[in-house]
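Here is the structure we will look at.
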Amino acid sequence: MESLTALFSQHLTSSGLPDPVQQVVESHWQQFIERHPTFDLTLDPRLINELIQCWAGSDFAAQQCIRYPEWLETLCTNRKQLPDMAKNHAERLGSAIALATTDDELNRALRLYRNQEMLRIIWLDLNRLVSMSDTTKDMSNLADACIDRTLDWLYHDACKTMGTPFGTNIPDEEPVAQKMIVLGMGKLGAYDLNLSSDIDLMFTFPCQGETRGAKKVITNQEFFIRLGQRLIKALDSQNADGFVFRVDMRLRPYGASGALALSFAAMEQYYQDQGRDWERYAMLKARIVAGDKTSGQQLLDTLRPFVYRRYIDFGSISALREMKQLIQREVKRKGMESNIKLGPGGIREIEFIIQSFQIIHGGRDRSLQERNLLNVLNTLKEKQWLSPEEAAELESAYIYLRNLEHAIQAIDDRQTQDLPKGAETQARIACSMQHKNWNELLTTLDQHQKLVTAHFDAVIADPEAKEKSDTNSNQWQSLWLSRLTEEEEQQLMTQEGFKNVKTSWRRLISLRDGKAITRVRKQSHDRLDQFIPLLLTVAAASTEPDTFLLRILPLVEAVLRRTAYLVLLIENPGALEHLGRLCIASPWIAEQIARFPALLDEFLNLGDLYNPPKKAELADELRQQLAHIPEDDLENQMEALRHFKMAHILRVTAAQVSGKLPLMKESDYITWIAEVILDAVLAIAWRNLTEKHGMPQDAQGNLCDPGFIIVGYGKLGGIELGPGSDLDLVFIHNGGTNKETNGARSIDSTTFYTRLGQRIIHILTTQTPSGILYDTDMRLRPSGSKGLLVNSLPYFEKYQKEEAWTWEHQALVRARVIAGDQALAQQFVSLRADILGIERDTEKLKVDVINMRHKMREHLGSKTNQHLFHLKHDKGGIVDIEFLMQFSVLNYANRYPSLLKWTDNIRISEELEAVHLLTHEDARQLREAYKTFRLAIHQKALQNEAPHIETGTANHMQSNVISIWNHFLKGCN
158 MESLTALFSQ HLTSSGLPDP VQQVVESHWQ QFIERHPTFD LTLDPRLINE LIQCWAGSDF
218 AAQQCIRYPE WLETLCTNRK QLPDMAKNHA ERLGSAIALA TTDDELNRAL RLYRNQEMLR
278 IIWLDLNRLV SMSDTTKDMS NLADACIDRT LDWLYHDACK TMGTPFGTNI PDEEPVAQKM
338 IVLGMGKLGA YDLNLSSDID LMFTFPCQGE TRGAKKVITN QEFFIRLGQR LIKALDSQNA
398 DGFVFRVDMR LRPYGASGAL ALSFAAMEQY YQDQGRDWER YAMLKARIVA GDKTSGQQLL
458 DTLRPFVYRR YIDFGSISAL REMKQLIQRE VKRKGMESNI KLGPGGIREI EFIIQSFQII
518 HGGRDRSLQE RNLLNVLNTL KEKQWLSPEE AAELESAYIY LRNLEHAIQA IDDRQTQDLP
578 KGAETQARIA CSMQHKNWNE LLTTLDQHQK LVTAHFDAVI ADPEAKEKSD TNSNQWQSLW
638 LSRLTEEEEQ QLMTQEGFKN VKTSWRRLIS LRDGKAITRV RKQSHDRLDQ FIPLLLTVAA
698 ASTEPDTFLL RILPLVEAVL RRTAYLVLLI ENPGALEHLG RLCIASPWIA EQIARFPALL
758 DEFLNLGDLY NPPKKAELAD ELRQQLAHIP EDDLENQMEA LRHFKMAHIL RVTAAQVSGK
818 LPLMKESDYI TWIAEVILDA VLAIAWRNLT EKHGMPQDAQ GNLCDPGFII VGYGKLGGIE
878 LGPGSDLDLV FIHNGGTNKE TNGARSIDST TFYTRLGQRI IHILTTQTPS GILYDTDMRL
938 RPSGSKGLLV NSLPYFEKYQ KEEAWTWEHQ ALVRARVIAG DQALAQQFVS LRADILGIER
998 DTEKLKVDVI NMRHKMREHL GSKTNQHLFH LKHDKGGIVD IEFLMQFSVL NYANRYPSLL
1058 KWTDNIRISE ELEAVHLLTH EDARQLREAY KTFRLAIHQK ALQNEAPHIE TGTANHMQSN
1118 VISIWNHFLK GCN
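Below is the structure:
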């Protein structure tokens, strides 16, 4: 022992610890050798240094070693395995309490296990042998095991004396045995428990009923309340061995005055009828920690809509702000400014920042439905809600604050987050935090807290605080609250730059004085009173105040019963400015946002708004969004697909009207959106059907996966989609005739593929709260609307070669595979080349093309107004150019196979030029006309106008197209 003491003293002296801290460690060592003079253990220098660091930071750890030296021996002999021991708490605790037969024996076994584990965890933490997250996960696993094993022991014991609770929620079904479920809330729920944390719990059970098997029958609720009381006592009560965990039940429905245990039905009713904002935040981290976990998860799934609203929920940020203000007042009242959790720039502010994003966006973005703060923070960075710099600063601050919290609590195993006032304790904590002294710690802490406060203010702070002195806003408020005369109201609008004052004023007053506004809740009315003055202020500062106001007011009316959308714009005045600019530029955009207010979410990240992603990024984003929705939840999958489409179409049109995206790129992006959606729709439909029926077989009996392709025709095939385009589709499969699927509910392959096509159409065209996904046109399939919805490739080939009209071969020029089986897609490409490459009679082809062109022009061109030129269908318009390209491919592909490479008109024209079928000048003129007309059509669509321009506006381009048409068709050979 003497040699060990000498070695210990030598290492302590050379440790570099301040003298007061060395004296503390020396005092602990003296107590240890006095109690255990014969203790003998070979300790290498590293273990001695770790022991010194542990005792320097924790009197609790030192006292456990003094009371139980064998625990110290276990730590030293199993040092390499210490981190891994976090993974098997349940098994080790189960063994520790297996022999307990009374409550007292159970309580002692629990406390001894807990204290020994706390010694291990503190040793690892203070020596930085594990990360902060490892420590909190270890603590959470320890708590889970203590709750679950104790509950299991007490439940079986209670059933012996009170009987077993039985019940069912299904009429006429035999009741089954019931078990209690324990919800872990707060840091426990998030696997984020600190070193000396209490645990927030709720007790619930599946359904009401009665006990069986005892003399006295009691209700299930009474049984579980008594069981809960025993569980709390077993964990929370203090005795000579200490406690296990302090238990806080105040987060349960009705708080301290509520029943200790409630049935699922009572829980659902409470949160539906009375759940408050702070209870939503509490439920963010709720997790089943003990009991019947399968049933418990069903409860959490039922409560999810209460926690995560279906659409963006910016209204909740004001509630977070109010909660923070209450906490700040409480901090000041109690003099808790030095509390690193609740004080300025503390842990709670970081939690509020993260929770605000979860509450606002988590209903629609399921990747945010995560309990652990650092995991959510990483997601916010990946989704670009926070910049990498912001995320790094918050992560660094959070880890530092949590490590400091652990250092404070490790001293005495006491639940506190207050910075100590005693010099000795300050020096010990500085050492635990690896600082030279307390002042250095305070400097680092201050830097982190200032950054946290800045980020908190940016997310949570009240924007009105900056606007209260705004004179214009006050004037507009007077107008909105009817404090001015009509003359004064109109005079104010004139003074602030409105031109069409009477129209704008009447429209605004019809909202203010209309019946609809009298029916809204007070909260909605208050939000309107806050928003309208801001709207008028921003509108007056815009380039076209009247247009701005008149196009935004329909949105206001659309959300009168869901004014949380207005809060988004109140909280982000910059978003309102950009919304106004886009609505001024395009009434189509204004109408889309009024119909689907959830699109306002896109204005929170203006960088993304004007920079639509590439196809690979689109596919990855959609894959991630769908990955967070259960595979059997078709309704939410359909909603997610619709919002994805609307959001990205908005991005593309925003970039286009702001001049940041040229026409060809716009069509590329909109086509990519359709392609990734069709790919996802096929995957959803395929999974749905194969789960029911198994996989179909081809003619040789091989399983198809999927043996199906979606072929895009028209604008989709030609990569020329616009914002409102429908989809021309054809479905083709290679299933074998009279072959059945391999599932339990087998059907023949032809029926399978027909149902697959029907399911795809259903997903695309069903009207949901967010509208349809796409209008689809299936008439280009073999035999048109009279033909089969899905055709085999051999039949498609036979039809194209033997029955198809010339116009159907023209349509095939623009056909390409969009989604599905790659091998089948290659077969389709080869078949398309064979059909288009057939040698044709040029004169007959010319007659067929010209006749079809005349029919279309008579049916769709301008008939009544000779002063208007229809950009698409009139002579010299887009369809003439398309027919020229199609005619050229059909007539010349047998000699120039390179014409078959492309399905879009621009690149076909370039290929015709390359093989000298078009002169350079003719090709240039056709491309110039085509791009100009298409751009005009897109711009007209965004203005909700028909695709007409005044005759003569593009006269030279129209004439060029007509000239080339006449020369090219008449000169064919």
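Read in order, the letters of the sequence shown correspond to residues 158 to 1130 in the numbering used here. Idealized CB from N, CA, C, for every residue including glycine.
Along the chain, where does the beta strand (DSSP E) that runs through residue i open and close?
| i | result |
| --- | --- |
| Leu358 | 356-362 |
| Asn948 | 947-949 |
| Asp885 | 884-890 |
| Arg571 | Careful: Arg571 lies outside any beta strand (DSSP E) and carries neither H nor E. |
In whole angstroms, what is the alpha-carbon distance linking residue i and residue j?
| i | j | result |
| --- | --- | --- |
| Arg437 | Arg409 | 12 Å |
| Thr318 | Arg369 | 11 Å |
| Ala611 | Ile516 | 21 Å |
| Trp662 | Val677 | 22 Å |
| Phe514 | Gln454 | 24 Å |
| Glu712 | Pro744 | What sits at residue 712 in the sequence shown is Leu, not Glu. If I take the Cα positions, the gap works out to 12 Å. |
| Gln854 | Leu988 | 22 Å |
| Val986 | Asn899 | 29 Å |
| Pro322 | Ser394 | 26 Å |
| Ala622 | Lys1088 | Unreliable placement is indicated for Ala622, whose pLDDT of 47 sits below 50; no coordinate value is reported for it. |
| Arg973 | Pro926 | 32 Å |
| Lys1097 | Ile1035 | 15 Å |
| Ile995 | Arg1052 | 10 Å |
| Leu735 | Ala901 | Reading off the sequence shown, one finds His at residue 735, where the question assumed Leu. If I take the Cα positions, the gap works out to 55 Å. |
Give every residue of the same chain whose Cβ lies closer than 7 Å to the Cβ of residue i, excluding the five residues on either side of it in the sequence, and list them in chain order.
| i | result |
| --- | --- |
| Pro769 | His805, Arg808, Val809, Ala812, Tyr826 |
| Cys211 | Ala218, Ile279, Trp280, Leu283, Asn284 |
| Leu345 | Ser297, Ala300, Ile356, Asp357, Val446 |
| Lys802 | Ile830, Ile834, Leu930 |
| Phe165 | Trp186, Ile205 |
| Asn529 | Ala347, Tyr348, Asp349 |
| His919 | none |
| Met1013 | His1030, Val1036 |
Could you spell out where the alpha helix (DSSP H) holding residue i opens and where it closes?
| i | result |
| --- | --- |
| Glu367 | Taken as a continuous stretch (DSSP letters only), Glu367 belongs to no alpha helix (DSSP H), being part of the beta strand (DSSP E) at 366-369. |
| His966 | 963-970 |
| Pro545 | 545-567 |
| His1105 | Unbroken run through His1105 is the beta strand (DSSP E), 1105-1107; no alpha helix (DSSP H). |
| Thr321 | Premise fails: Thr321 lies in the beta strand (DSSP E), 321-324, not in any alpha helix (DSSP H). |
| Gly385 | 377-393 |
| Tyr870 | Counting along the chain, Tyr870 falls outside any alpha helix (DSSP H), though it belongs to the beta strand (DSSP E) covering 865-870. |
| Ser420 | Run containing Ser420: none in the alpha helix (DSSP H); it sits in the beta strand (DSSP E), 418-420. |
| Phe705 | 702-715 |
Applying the 10 Å Cβ sphere with the 16-neighbour rule, what's the burial state of residue i?
| i | result |
| --- | --- |
| His1113 | exposed |
| Lys872 | buried |
| Leu818 | buried |
| Trp962 | exposed |
| Tyr411 | exposed |
| Gly941 | exposed |
| Arg997 | buried |
| Val374 | exposed |
| Gln857 | exposed |
Between residue i and the rest of its own chain, which residues show a CB-CB distance below 8 Å, the 5 nearest in sequence each way excluded?
| i | result |
| --- | --- |
| Cys364 | Gly324, Thr325, Asn326, Gln335, Asn377, Ser420, Phe421, Ala422 |
| Ala1071 | Ser1055 |
| Pro951 | none |
Less than 6 Å between C-beta atoms, sequence neighbours within five positions excluded: which residues of the same chain meet that for residue i?
| i | result |
| --- | --- |
| Ser626 | Bear in mind that the predicted position of Ser626 carries a pLDDT of just 40, short of 50, making it unreliable; the figure below should be weighed with that in mind. Cβ neighbours of Ser626 beyond the five flanking positions: none. |
- Count the CB pairs spanning the region 186-204 and the region 254-265 that are closer than 8 Å, and state whether there are at least three. no
- Message: Is it the case that the region 955-967 contacts the region 1001-1020, given that we only count it when at least three CB pairs across the two stretches are under 8 Å?
- Response: Flag = yes, the region 1001-1020 and the region 955-967 touch.
- Touch test, the region 377-387 against the region 403-422, Cβ-Cβ under 8 Å, three pairs minimum: yes
- Query: Is the region 850-864 touching the region 968-984 in the sense that three or more CB pairs, one from each, lie closer than 8 Å?
  - Reply: yes
- Message: Quick check: the region 1024-1041 against the region 1104-1112, are at least 3 beta-carbon pairs closer than 8 Å?
- Response: yes
- Given 8 Å, three or more beta-carbon pairs between the region 703-710 and the region 652-670: Yes, the region 703-710 touches the region 652-670.
- Query: Do the region 749-759 and the region 788-798 touch if we need at least three Cβ pairs shorter than 8 Å?
  - Reply: no
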